[in-house]
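Okay, so the sequence shown: first residue is 26 according to our numbering, each after it adds one. Even glycine gets a Cβ: it sits at the ideal position worked out from N, Cα and C. See structure below.
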Amino acid sequence: MVLIMSNIAVIGGGAAGLIAAYAAAVNGHSVTLFEKNEKCGKKIYITGKGRCNVTHVCTPEEFLQNVVNNSRFMTSCINAFSPDDTMRFFEAGGLRLKTERGARVFPVSDKASDVTKCLENYCKSVDVVFKFNEQVNKISNLNSTMFNIITSKQSYFFDKVIICTGGISYPATGSTGDGYKFAQELGHNVVSLKQGLCGINLKGSFYKVLQGLSLKNVNLTVFYDNKKLKELFGEMLFTHFGVSGPIVLSASSLINRLELQKVKLVIDFKPALSEEQLDKRLLRDFEQYKNKSISNCIKELLPVALIPVVLSRCGIDSDKRVNSITKNERQFLLTNIKNFDMLISSLRGFEEAIITSGGVDVKEVNPKTMESKLIKGLYFCGEVLDIDAFTGGYNLQIAFSTGFAAGNNIKD
């Protein structure tokens with residue numbers, strides 16, 4: 026029996042596109058990858074502050090708990106190509122990896138470019154054809170076995186097309202929403218696009234004096250309509266616009282489809298202490314520093330920059346002597362240390378968002394193969410799909426797992 030292999034176009038040379046191209050080519054298909062930029066992986070180069078958080082050490086079940094939207098859709102492909110598989114894949118390709126605090130995986134070299142090189146080398150080893158500086162302008166489905174692709178340079182015909190064009194975050198990397206346009210033109214629904222993993226603009230002005238203050242080991246609780254959505258533990262940062270940092274980025278992805286005026290963020294600056302323990306600590310410090318000002322008394326408890334802001338919230342003068350602080354004032358202080366609430370005005374823009382939330386409706390895509398349910402031979406993978414996760418390597422893992430599923434499941 027003679028197998029006739031497909032002629033496949035992969036649109037986009039990011040994480041999903043490169044692994045999809047390799048997976049298809051290693052199975053014997055003829056693969057051409059179109060990349061509008063002069064090189065592949067432009068967004069990979071800036072992930073993890075240029076170090077590239079490749080994936081996260083976790084089981085498929087733990088991974089799914091960190092997917093914010095459409096985790097169920099990811100079940101098949103994360104089990105078929107898990108974080109462990111991703112690490113084995115890169116190390117087999119010569120990329121040495123290391124696991125850092127929080128189970129995040131990086132290249133030993135700390136160079137995101139090495140991740141792209143590894144993926145490109147895999148593709149070159151199976152004769153993937155690269156078309157750089159070639160913008161795909163239109164994709165037409167001619168019939169059940171043929172697609173016409175018109176680029177900035179010429180017209181092509183392919184049996185199958187894999188769309189891996191990313192989102193619209195960091196548009197300078199080439200993520201300008203092309204895939205959404207192609208999907209809609211081919212009859213697919215695109216779920217409304219939102220900023221994901223981005224900073225949060227706060228109401229008020231208190232944060233301005235806190236600009237640059239980095240907090241570690243704090244709890245951030247997200248409330249919607251006075252109901253607790255999620256509690257996040259880790260690092261955050263006050264900025265000129267509000268807040269950012271790992272747990273804030275994750276919070277932004279939880280709330281980007283909600284009415285922001287109903288959202289409240291609450292910081293617990295001392296999560297290791299219960300309210301009772303904190304009260305005992307305050308009483309002990311008050312006794313020890315009873316003749317000092319309250320602002321000096323709590324220097325060991327809170328960062329110096331935060332003290333006047335918290336005391337202002339409590340209605341306590343910074344120069345007030347500890348021995349004249351009332352029981353009610355002490356309770357206000359305790360409450361604000363454990364429940365420092367902040368209201369949101371908006372999210373930062375797509376130019377700062379790490380990922381795009383929303384995209385091609387997964388109800389119209391086969392979760393095992395990434396093939397369109399509407400058009401045979403059309404596949405979607407990576408950020409162009411309506412799937413996103415928390416920070417920590419999970420979103421790149423989505424790209425790798427969906428890309429592998431698309432490339433590996435092409436049948437003639």
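| query | result |
| --- | --- |
| The stretch 377–391 / the stretch 347–359 touching (three or more Cβ pairs under 8 Å) | no |
| Which of helix, strand or coil DSSP assigns to A414 | strand |
| Simplified DSSP state of D293, which is helix, strand or coil | strand |
| Where T80 sits in the DSSP three-state scheme | strand |
| Alpha carbon of L368 to alpha carbon of G221, nearest angstrom | 18 Å |
| Opposing strand residues paired with R346 [DSSP bridges] | S318 |
| Inter-residue Cα distance where the pair is F172 and V215 | 21 Å |
| Runs of beta strand (DSSP E) wholly within the stretch 28–58 (minimum 3 residues, chain order) | 32–36 |
| Nearest-angstrom Cβ-Cβ length linking N166 and F131, presumed shorter than 8 Å | So it is not a contact: roughly 40 Å between Cβ atoms. |
| L144 beta carbon near the ligand MG (any heavy atom closer than 7 Å) | As far as ligands go, the structure on display features none, and thus does not contain the ligand MG. |
| Sequence-distant residues of its chain with Cβ nearer than 6 Å to Y205 (five each side left out) | V215 |
| Close beta carbons around P271, own chain, < 8 Å, minus the five adjacent residues each side | G259, E260, M261, T416, G417 |
| According to DSSP, residues forming a beta bridge with E396 | Y404 |
| Opening and closing residue of the beta strand (DSSP E) in which S217 lies | 215–221 |
| Beta-carbon proximity of A162 to S138, cut-off 8 Å | Here residue 162 turns out to be Asn, not Ala, going by the sequence shown. No. |
| Three-state class that DSSP yields for V243 in the structure shown | strand |
| Own chain partners of L227 with C-beta closer than 6 Å, once the 5 adjacent residues on each side are dropped | G267, M367 |
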